[in-house]
Amino acid sequence: SQQGEEDPQALSIQEGENATMNCSYKTSINNLQWYRQNSGRGLVHLILIRSNEREKHSGRLRVTLDTSKKSSSLLITASRAADTASYFCATALNTGGFKTIFGAGTRLFVKA
Amino acid sequence: DAGVIQSPRHEVTEMGQEVTLRCKPISGHDYLFWYRQTMMRGLELLIYFNNNVPIDDSGMPEDRFSAKMPNASFSTLKIQPSEPRDSAVYFCASSFGSRVGGYTFGSGTRLTVV
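So the protein lines, in turn, are chains A and B.
Count along the first sequence starting at 1, add 326, and that's the number in this note's numbering.
Count along the second sequence starting at 1, add 75, and that's the number in this note's numbering.
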């Protein structure tokens, strides 16, 4: 099964509301990344948080990491219709290589 | 920089034919990754290179798949012979350094094998 698993699988909210997506993983990681994918496009890197960090911000994005629970969350504040996309967490395994495993993603739909 | 460039954007081929996907990474990036995305299996890492050398190809599904990186600015993923179950979107991504930042993805090649 996937190293990273997002929750929920799909999320529908109104413009202006906050969107929270969660990611759980199984093995020790070096870092965790979040990506966005618009329909038919490639993935766009949003933010990276290292295993020794607990929280990170970038604009309207806030990412938390709890290594004891092997989980992370992505919060998008004041969502916009343009935030409609799939969001993936990706974990860089702490196994000496440079292997990054992607979860199945959360499909976010923001209604205008 | 134009970003990671993949070609072709779309490929339709008949079962049994050879397919070659191409990727030009961002200049200066020393890691290159090939991923495959399907509805059933999501994003799967197929192989990655560091300084043109294949480091981990454990994700390559079968011997029908091969990847090369003859120089720092070009990589190919070849499928020979192709099968309908190879239909997917294939992404190339590159990055600089080890675990410093995220990956830059190309727009992908949508492969359909009929």
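Don't be surprised by glycine CBs; every beta carbon is placed ideally from N, CA and C.
All values derive from a computational prediction rather than experimental measurement.
Check whether the Cβ of residue i lies closer than 7 Å to any Cβ atom in chain B.
i: A:S327; result: At A:S327, the pLDDT of 40 sits below 50, so the modelled position is not reliable; the number obtained from the coordinates is stated separately. No, A:S327 lies away from the interface with chain B (no Cβ there is under 7 Å from its Cβ).
i: A:Q359; result: yes
i: A:L369; result: yes
Return no unless some Cβ of chain A is closer than 7 Å to the Cβ of residue i.
i: B:G172; result: no
i: B:L118; result: yes
i: B:G51; result: No answer is possible for residue 51 of chain B: it lies beyond the span of chain B, which begins at 76 and ends at 189.
i: B:F140; result: no
i: B:F166; result: yes
i: B:G253; result: Since the first residue shown for chain B is 76 and the last is 189, residue 253 of chain B is missing from the structure and cannot be characterised.
What does residue i reach in chain A if we use C-beta pairs closer than 9 Å?
i: B:Y178; result: Q359, Y361, L369, H371, A416, T426
So residue i contacts chain B; which residues on that side make the cut at Cβ distance below 7 Å?
i: A:L374; result: G176, G177
Mind listing the chain B neighbours of residue i? Cutoff is C-beta to C-beta under 9 Å, in chain order.
i: A:G431; result: G117, L118
Apply the 10 Å Cβ neighbour rule to residue i and answer buried if 16 or more other Cβ atoms are within range, or exposed otherwise.
i: B:G183; result: buried
i: A:A345; result: buried
i: A:K425; result: buried
i: A:I340; result: The question names Ile, but residue 340 of chain A in the sequence shown is Gln. Exposed, by the Cβ-count rule.
i: A:N357; result: buried
i: B:S157; result: buried
i: A:E343; result: exposed
According to DSSP, simplified to helix, strand and coil, what is residue i?
i: A:A438; result: coil
i: B:D105; result: coil
i: B:P159; result: helix
i: A:A336; result: strand
i: B:Y178; result: coil
i: B:A147; result: coil
i: A:A408; result: helix
i: B:N126; result: coil
i: B:T184; result: strand
i: A:S350; result: strand
i: A:Q328; result: Per-residue confidence for A:Q328 stands at a pLDDT of 48, beneath the threshold of 50, marking its modelled position as unreliable; no derived number is given.
List the residues of chain A that residue i touches, going by C-beta distances under 7 Å, in chain order.
i: B:F149; result: Chain A residues near B:F149: none, gap ~18 Å exceeds 7 Å.
With contact counted as at least three CB pairs below 8 Å, one residue from each stretch, are the segment 103 to 113 of chain B and the segment 163 to 171 of chain B in contact? As far as the Cβ criterion goes, the segment 103 to 113 of chain B touches the segment 163 to 171 of chain B, which means the pair count is three or higher.
Touching or not, the segment 85 to 100 of chain B and the segment 425 to 437 of chain A, by the rule of three or more beta carbon pairs under 8 Å? Segment contact: the segment 85 to 100 of chain B against the segment 425 to 437 of chain A, fewer than three CB-CB distances shorter than 8 Å; contact not assigned.
Does the segment 400 to 415 of chain A touch the segment 361 to 381 of chain A, meaning 3 or more C-beta pairs lie closer than 8 Å? Remark: three or more beta-carbon pairs, one from each stretch, lie closer than 8 Å, so the segment 361 to 381 of chain A and the segment 400 to 415 of chain A are flagged as touching.
Take every Cβ of the segment 376 to 396 of chain A, pair it with every Cβ of the segment 80 to 87 of chain B, and state whether three or more of those distances are shorter than 8 Å. The segment 376 to 396 of chain A and the segment 80 to 87 of chain B do not touch, with fewer than 3 CB-CB distances between them shorter than 8 Å.
Would you call the segment 395 to 411 of chain A in contact with the segment 141 to 150 of chain B, where contact means no fewer than 3 C-beta pairs closer than 8 Å? The segment 395 to 411 of chain A is not in contact with the segment 141 to 150 of chain B.
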